[in-house]
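Chains A and B, in that order, give the protein sequences. Start counting the first sequence at 197; every next residue gets the next number (this note's numbering). Start counting the second sequence at 197; every next residue gets the next number (this note's numbering). C-beta: ideal position from N, C-alpha, C; glycine also.
Protein chains: 2
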Amino acid sequence: MAIQESKVKTAVDGRKGERADHIYRVAAEIMCQKGYEATSMKDIADAVGLTKAGIYHYIVGKEDLLFQIMSFAMDMVDENVVTPARKIADPEQRLRVIIEGHARRILEVGGAVTVILEEMAALTPAHRKAIRARKRRYFDLVRETIGELQTQGKLRDVDPTVAAFNLFGMINWISRWYRPDGKLTPDQIMRDFLQIALNAVLRNA
Amino acid sequence: MAIQESKVKTAVDGRKGERADHIYRVAAEIMCQKGYEATSMKDIADAVGLTKAGIYHYIVGKEDLLFQIMSFAMDMVDENVVTPARKIADPEQRLRVIIEGHARRILEVGGAVTVILEEMAALTPAHRKAIRARKRRYFDLVRETIGELQTQGKLRDVDPTVAAFNLFGMINWISRWYRPDGKLTPDQIMRDFLQIALNAVLRNA
DNA sequence: GTCTATAAACGGATAGAC
DNA sequence: GTCTATCCGTTTATAGAC
Numbered sequence: 197m198a199i200q201e202s203k204v205k206t207a208v209d210g211r212k213g214e215r216a217d218h219i220y221r222v223a224a225e226i227m228c229q230k231g232y233e234a235t236s237m238k239d240i241a242d243a244v245g246l247t248k249a250g251i252y253h254y255i256v257g258k259e260d261l262l263f264q265i266m267s268f269a270m271d272m273v274d275e276n277v278v279t280p281a282r283k284i285a286d287p288e289q290r291l292r293v294i295i296e297g298h299a300r301r302i303l304e305v306g307g308a309v310t311v312i313l314e315e316m317a318a319l320t321p322a323h324r325k326a327i328r329a330r331k332r333r334y335f336d337l338v339r340e341t342i343g344e345l346q347t348q349g350k351l352r353d354v355d356p357t358v359a360a361f362n363l364f365g366m367i368n369w370i371s372r373w374y375r376p377d378g379k380l381t382p383d384q385i386m387r388d389f390l391q392i393a394l395n396a397v398l399r400n401a
Numbered sequence: 197m198a199i200q201e202s203k204v205k206t207a208v209d210g211r212k213g214e215r216a217d218h219i220y221r222v223a224a225e226i227m228c229q230k231g232y233e234a235t236s237m238k239d240i241a242d243a244v245g246l247t248k249a250g251i252y253h254y255i256v257g258k259e260d261l262l263f264q265i266m267s268f269a270m271d272m273v274d275e276n277v278v279t280p281a282r283k284i285a286d287p288e289q290r291l292r293v294i295i296e297g298h299a300r301r302i303l304e305v306g307g308a309v310t311v312i313l314e315e316m317a318a319l320t321p322a323h324r325k326a327i328r329a330r331k332r333r334y335f336d337l338v339r340e341t342i343g344e345l346q347t348q349g350k351l352r353d354v355d356p357t358v359a360a361f362n363l364f365g366m367i368n369w370i371s372r373w374y375r376p377d378g379k380l381t382p383d384q385i386m387r388d389f390l391q392i393a394l395n396a397v398l399r400n401a
């Protein structure tokens with residue numbers, strides 16, 4: 197199914213199929229470890245078993261590769277966090293779903309989801325503007341959710357914007373300290389994490 | 197602080213005086229904006245009004261420059277946050293001082309304090325080990341403080357390590373969203389921030 | 001599709017004049 | 001102390017053979 201899907205995508209949106217997807221995924225992993233600027237095309241070529249020139253058959257250039265990776269990460273967040281969350285009417289329950297969904301993307305995906313947090317400065321102005329707009333829509337959802345909680349009297353006596361930033365800080369910082377081979381499992385972390393994050397902003401929780 | 201002390205330090209530890217300090221400060225600001233790898237020696241030279249060759253009179257090399265900047269940032273945190281905090285016996289009051297002191301360094305200093313959060317990967321193994329050790333001692337102070345709060349029954353039912361990481365996440369993330377020319381002043385931010393951060397980990401606060 | 005070869009620019013760093 | 005000139009490695013990207 198993935199194969200046929202990619203053939204459709206080739207015709208539809210100019211992608212080059214699953215080999216290209218493989219390059220994106222490997223590149224995301226390397227850029228996540230070494231940083232975008234410190235990652236050379238040769239690093240990526242070696243990791244996928246092609247020459248430097250060879251991978252240019254699949255990509256437009258280094259910066260565009262980064263943009264594709266970030267777009268993919270945003271697709272994933274939209275699909276797995278934002279869209280499900282928008283279907284939930286109760287703001288407290290919606291916030292819970294957002295926090296857990298977002299944190300689990302970082303714990304279980306890594307790569308692309310981390311790159312989008314760290315490498316905005318490497319994008320061209322047009323690409324940066326596009327990614328920023330998508331991030332902004334997500335941020336607004338969270339801030340509005342916190343705003344609804346304030347209306348219900350469930351928020352602490354704080355600025356909803358500051359509360360939203362702190363929530364993102366806790367969640368996104370996970371990518372800096374979580375190690376898949378460490379003592380703490382994703383499930384253990386999520387249990388404590390949700391308690392801490394919800395109490396940070398909610399009166400009772 | 198480094199500015200006033202620089203004459204003393206020149207005699208004491210081999211630094212080159214206030215012009216070197218100026219280079220460090222300017223370099224920290226540029227690296228903070230563009231990232232270490234994307235910052236060229238020419239960027240720094242232009243900003244201080246020297247040629248690329250000229251600044252090598254004051255620095256050992258690019259990586260060492262980064263190490264000096266990070267060492268300076270750690271000196272600042274040690275002097276203004278860690279040392280004062282260690283003198284406080286009550287863990288809840290000590291945690292308050294750490295959170296406020298650390299957050300204010302980010303809000304009011306920027307540059308060097310931000311670089312140390314983002315560019316560890318660019319250091320040589322020996323330098324990275326040295327900075328990591330200093331960061332680790334600071335982290336241990338925070339975790340032990342949280343441990344004392346747990347003993348006193350003031351901590352929520354969570355792992356002190358996860359609590360410490362989340363605290364650092366909220367604090368360090370400030371560098372990602374705070375803008376000196378924005379609507380929120382450091383004092384406004386600190387008021388809400390302390391309430392959110394303390395309630396994140398403490399039972400009553 | 002994938003390669004070898006190479007272009008063209010830029011990087012950090014140094015030599016040596018002044 | 002600061003400059004000009006330059007070395008030399010590395011970078012992204014392309015041309016063109018197979």
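Rank B:Arg328, B:Arg215 and B:Pro280 by C-alpha distance to the C-alpha of B:Gly250 and give the top, closest one.
Residue mapping note: residue 250 of chain B aligns to position 54 of the second sequence, counting from 1. Closest by alpha carbon: B:Arg215.
Just how far apart, CA to CA, sit A:Met386 and A:Val244?
As a first step, residue 386 of chain A is located in the first sequence; it is residue number 190 there, counting from the start. As a first step, residue 244 of chain A is located in the first sequence; it is residue number 48 there, counting from the start. Spanning the two alpha carbons is a distance of roughly 33 Å.
List in chain order: all unbroken alpha helix (DSSP H) runs of 4+ residues lying wholly within the segment 285-324 of chain B.
287-304 and 307-314
With a cut-off of 8 Å, does the C-beta of A:Gly365 fall near any C-beta of chain B?
Counted from its first residue, the first sequence places residue 365 of chain A at position 169. Cβ-Cβ to chain B under 8 Å: yes for A:Gly365.
Which chain A residues sit within Cβ distance under 7 Å of B:Lys230?
Position 34 of the second sequence, counted from the first residue, corresponds to residue 230 of chain B. In chain order: Ala317.
When Cβ atoms are compared, which residues of the segment 226-256 of chain A fall closer than 9 Å to chain B?
Gln229, Lys230, Gly231, Tyr232, Glu233 and Ala234
Short-range partners of chain A found in the segment 345-364 of chain B, where Cβ spacing is below 9 Å
Arg352, Asp353, Val354, Asp355, Thr357, Val358, Ala359, Phe361, Asn362, Leu363 and Phe364
Tell me which same chain residues have a C-beta within less than 7 Å of the C-beta of A:Ala299, skipping the five on either side of it?
Within the first sequence, numbered from 1, the residue matching residue 299 of chain A stands at position 103. Excluding positions up to five away in sequence, the list reads Ile367, Ile370, Met386 and Phe389.
Could you list which residues in chain B have their beta carbon closer than 8 Å to that of A:Phe389, in chain order?
Indexing the first sequence from 1 puts residue 389 of chain A at position 193. Going along chain B in sequence order, the residues near A:Phe389 (Cβ under 8 Å) are Val358 and Asn362.
I think B:Gln391 touches A:Arg399, with their Cβ atoms under 8 Å apart; what is that distance to the nearest whole Å?
For the purposes of this step, residue 391 of chain B is identified with residue 195 of the second sequence, where counting begins at 1. For the purposes of this step, residue 399 of chain A is identified with residue 203 of the first sequence, where counting begins at 1. 11 Å between Cβ atoms; not a contact.
Go through its chain and collect everything with a Cβ distance to A:Lys238's Cβ below 8 Å, but skip five positions before and after it.
Start at 1 with the first residue of the first sequence, and residue 238 of chain A comes out as number 42. Around A:Lys238: Lys248.
Residues in the same chain with beta-carbon distance under 8 Å from A:Arg301, minus the five sequence neighbours each way, listed in chain order, please.
Locating residue 301 of chain A in the first sequence gives position 105, counting from the first residue. Counting only Cβ-Cβ distances below 8 Å, and skipping sequence neighbours, we find Met272, Val273, Asn276, Val277 and Val309.
Is it true that the CB of B:Ile312 sits closer than 8 Å to the CB of B:Ala359?
For this step, residue 359 of chain B is matched to residue 163 along the second sequence. For this step, residue 312 of chain B is matched to residue 116 along the second sequence. No.
Cα separation between B:Glu225 and A:Val354?
Looking up residue 225 of chain B in the second sequence gives position 29. Looking up residue 354 of chain A in the first sequence gives position 158. Spanning the two alpha carbons is a distance of roughly 31 Å.
Whose C-beta lies closer than 8 Å to the C-beta of B:Ala401 among residues of the same chain, with five residues either side of it excluded?
For the purposes of this step, residue 401 of chain B is taken as residue 205 along the second sequence, with counting starting at 1. Here the set comprises Gln391, Leu394 and Asn395.
Proximal chain B residues relative to A:Ile392, where beta-carbon distance stays under 8 Å:
To locate residue 392 of chain A, count along the first sequence from 1; it is residue 196. Within 8 Å Cβ-Cβ: Arg352, Val354, Val358, Ala359, Asn362, Ala396 and Val397.
Pick helix, strand or coil for B:Leu246, following the three-state DSSP scheme.
The sequence position of residue 246 of chain B within the second sequence is 50, counting from 1. Coil.
Along chain B, in chain order, which residues have C-beta atoms closer than 7 Å to that of A:Ile385?
Numbered from 1 along the first sequence, position 189 holds the residue referred to as residue 385 of chain A. Going along chain B in sequence order, the residues near A:Ile385 (Cβ under 7 Å) are Val358.
Can a CB atom of chain B be found closer than 8 Å to the CB of A:Asn368?
In the first sequence, counting from the first residue as 1, residue 368 of chain A sits at position 172. By this cut-off, A:Asn368 is an interface position.
For A:Leu262, the three-state DSSP class (helix, strand or coil):
Here residue 262 of chain A refers to the residue found at position 66 of the first sequence. DSSP places A:Leu262 in helix when its eight states are reduced to three.
With a threshold of 6 Å on Cβ separation, who are the neighbours of A:Ala241 within its own chain once the five nearest residues in sequence on each side are excluded?
In the first sequence, residue 241 of chain A corresponds to position 45, counting from 1. Excluding sequence neighbours, A:Ala241 sits near Thr247, Lys248 and Ile251.
Rank B:Pro356, B:Met316 and B:Leu262 by C-alpha distance to the C-alpha of B:Phe409 and give the top, closest one.
Here chain B covers residues 197 to 401 and nothing more, so residue 409 of chain B does not appear.
Please name the residue in B:Gly213, B:Ala223, B:Met227 and B:Ile342 whose C-alpha comes closest to that of B:Ala285.
As a working note, residue 285 of chain B is residue 89 in the second sequence. Checking every option, the nearest Cα to that of B:Ala285 belongs to B:Ile342.
Taking its Cβ as the centre, do 16 or more other Cβ atoms sit within 10 Å of B:Glu304, making it buried, or is it exposed?
By 1-based counting over the second sequence, the position of residue 304 of chain B is 108. B:Glu304 should be labelled exposed.
Could you check what DSSP says for B:Leu398 in three-state terms: helix, strand or coil?
Here residue 398 of chain B corresponds to residue number 202 of the second sequence, with the count starting at 1. It is a strand residue.
Answer yes or no: do B:Lys230 and A:Ala234 have a C-beta to C-beta separation smaller than 8 Å?
Here residue 230 of chain B refers to the residue found at position 34 when the second sequence is read from its first residue. Here residue 234 of chain A refers to the residue found at position 38 when the first sequence is read from its first residue. For B:Lys230 and A:Ala234, no; Cβs fall outside 8 Å.
Determine the DSSP secondary structure at A:Leu345, reduced to helix, strand or coil.
Walking along the first sequence from the start, residue 345 of chain A turns up at place 149. Looking at A:Leu345 - three-state DSSP - the assignment turns out to be helix.
Are A:Met227 and A:Glu344 closer than 8 Å when you measure CB to CB?
Walking along the first sequence from the start, residue 227 of chain A turns up at place 31. Walking along the first sequence from the start, residue 344 of chain A turns up at place 148. For A:Met227 and A:Glu344, no; Cβs fall outside 8 Å.
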